[in-house]
Structures are given as C-alpha cells and as structure tokens.
Amino acid sequence: MPRVRSLFLSDIHLGTRACQAERLLDFLREYPAENVFLIGDIVDFWAMSRSIHWAPAHNTVIQKLLKRARHGERVMLIPGNHDEALRGYLDAAFGDIELAAEHVHETVDGRRFLLIHGDEFDQVVRHHRWVALLGDLAYDWLVVCGALLSRIRRHLGISGYWSLAGYAKRKVKTALQFILDFEECVIHAACQRGLDGVICGHIHSAALREVNGLMYGNCGDWVDSCSAIVEHADGRLEVVHWSAGQRSGNVAASDAQSDLLSDPPTDQEPSTRETTCVY
Ligand SMILES: [Mn+2]
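Straight run, no breaks: the sequence shown in my numbering ends on number 1563.
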C-alpha cells in the first residue's frame, strides 16, 4: 500500500467495549501516512469514569500511534468532548504527538481545511452537558434492554432481529435535522475564516460532500461504522469504510457499497476497503 499524505480519524472511543480497536489496527497497518490527525474522542474518559474496558488492542493502538510519531509521521491530537480533559494540556506534547484545540490543514492541492472535533457546535453538548451525559447512559441501557428483549422474542418464537436502540433512534425525528444543523454550523465556522472546508467528527456519521460551496468532511467513527478520511498523494480526499475481516491481499468481496461520485482510485487495492465517495 503506497503511503498516503494524511489520515483523519475521530471517535475511536478507546476504553469502551464498543471500540473496534482490532479493525482500526488493520486499517492503520494498510495506511502509512505523512500526517495522522486524530480529531477527538480518541480515548473515552467519560465512559471510563463509569466503567473501563481496556483491551490489549487498545494499548496497541496507542503504541502504534506513538511509534508512527517517533518514526517521523506527524501525529496531531485535537481533543473532543469525551477526551476534553486533554484540553487542559494544549501546549504540551505527548511523546511526539502534538496537541492542539484545532488546526488548519492545507491539502497538497492547496485547499485549506479546518480540523476540529465539532462538539463546540453541538448545542446539546455545549449548553446542556447533563442531557448529553444522560443520553450516553440511556443509549447504553437501550442496548442492554434490547438484548434482553431479543432473548424474550426468541423465547416466544418470534423470528427476526429487532433493535430497540435502532427503533429509538428512528423515533427521534429531529435526529436528521440535528445533523443538518451541525453541518451548517461547522461549515459556517470554516467560511468565516476564509477556508475551503472542514474535517470534523463527533456525530459518528462519515461524510464528504459540498455544503454551501464548502467541503464538509466527517471522519465517522471506530465504534460502529469504522470509517476514516484519507488524503491521497495528489490531495484527493476519500472516505474509507473499513469492513470486518479486511486484510491486505484479501481479494474477496470488492463489492463497494458505492454511491461513487467518481471513479475509484486506481493506485489502491480495491479489495481492501469500500469507497463511498471520492472528491
Ligand atoms: Mn464527540
């Protein structure tokens, strides 16, 4: 795999059971880079204050990132709300990892992007932190209750899988509007600074599209969707969705769930990831 120029990752949530650290390690192995931007919620201190799930793979992620920094890759950490404790140490560097509240990254083709986690534009998190914390806890409970409910359904002989958490999410009719408002807010921030776009995280929904004439990029997460944004050597940005069981040289199932906006890059092995959009 050729070296890419930059990796943009967010919402890894190390320290939680949901974190897909093994899959992230697979992904990192495939993508050596000049720059690695960690755009918030990398370590989930919020969840760890309730219960810690720190698997060996979580250590390996940290070790690999430190090693990459030591070997000359630029690794920058921009804290999010789940690792906001790190915002108190903004001038410090951990190992060779730089820490910043936000950063402006210029792609090789000259476009300037604001890198920011994005919770500062989430009105719920910003003004009603207790609601966000409660929501976090409530979602965990929905998942637990859902598992119990499917046991009961199985017991009663009702077939098919039904997700309580998914049902609750669908019922939240304002969820989509929330995402749209969030996009507008971060794009507005980039526009005000005269930049070409923004790459953020926080809402766990990977995206790369034009909004109001600027580029809106969201890294997605490594809890559910396992996605990242990659800047190729020519400055082209791409959302990579990393599927379970992907390995280099695994020449199976290259059926990209593509709503492809342009041809897939030819310098990459198409079997190792699915491409949703390329800009
Ligand atoms: Mn967040």
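Virtual Cβ for every residue (Gly too), placed ideally from N, Cα, C. Owing to the predicted nature of the structure, the values given are computational and were not obtained by experimental measurement.
- Contact between the region 1353-1371 and the region 1395-1402 is present: three or more C-beta pairs spanning the two stretches fall below 8 Å.
- Nearest to R1395 by C-alpha distance, out of G1504, L1309, G1478 and N1343, is G1478.
- Taking a 10 Å sphere around the C-beta of W1425, we find fewer than 16 other C-beta atoms and assign the residue as exposed.
- Beta-bridge partners assigned by DSSP to F1397: H1389 and G1481.
- Annotated three-state conformation of L1322 is strand, per DSSP.
- In this structure, the beta-carbon distance from I1513 to G1501 falls below 8 Å.
- No residue range can be given for V1327, since it is assigned to no beta strand (DSSP E) and is classified by DSSP as neither H nor E.
- Minimum Cα-Cα distance from V1523 among the listed residues N1496, L1498, V1495 and I1483 corresponds to I1483.
- DSSP, read as helix, strand or coil, puts E1314 in helix.
- Beta-bridge annotation (DSSP): L1298 is paired with V1327.
- For the pair D1508 and L1349, the Cα-to-Cα distance works out to about 21 Å.
- Out of Y1373, R1334, A1369 and A1317, the CA that lies nearest to the CA of A1353 is found in A1317.
- Excluding the 5 residues flanking it on each side, D1505 has same chain C-beta neighbours closer than 6 Å at D1295 and H1488, in chain order.
- Each of V1470, W1330 and N1343 was checked against the Cα of A1369, and the nearest Cα belongs to W1330.
- Exclusion of the five residues before and after F1311 leaves W1526 as the residues of its chain whose Cβ lies within less than 6 Å of its Cβ.
- For L1309, the secondary structure class from DSSP, reduced to helix, strand or coil, is helix.
- In the structure shown, the three-state DSSP call for I1436 is helix.
- A residue is called buried once 16 or more other Cβ atoms fall within 10 Å of its Cβ, and I1323 is buried on that count.
- Relative to the Cα of A1384, the nearest Cα in the group L1398, C1503, V1392 and D1393 belongs to L1398.
- Pairing L1308 with P1340, the inter-Cα distance amounts to about 13 Å.
- Spatial neighbours of G1481 in its own chain (CB-CB distance under 7 Å, excluding positions within 5 residues in sequence) are listed in chain order as R1395, F1397, A1474, L1498, M1499, Y1500 and G1501.
- Under the three-state reduction of DSSP output, A1339 falls in the coil class, being neither helix nor strand.
- For S1290, the enclosing beta strand (DSSP E) starts and ends at V1288 to L1293.
- Around the beta-carbon of H1439, fewer than 16 other beta-carbon atoms lie within 10 Å, marking it exposed.
- Remark: C-beta atoms of N1319 and R1287 do not approach each other more closely than 8 Å.
- Shortest Cα-Cα distance from F1321 to any of V1388, G1519, R1435 and M1332 involves V1388.
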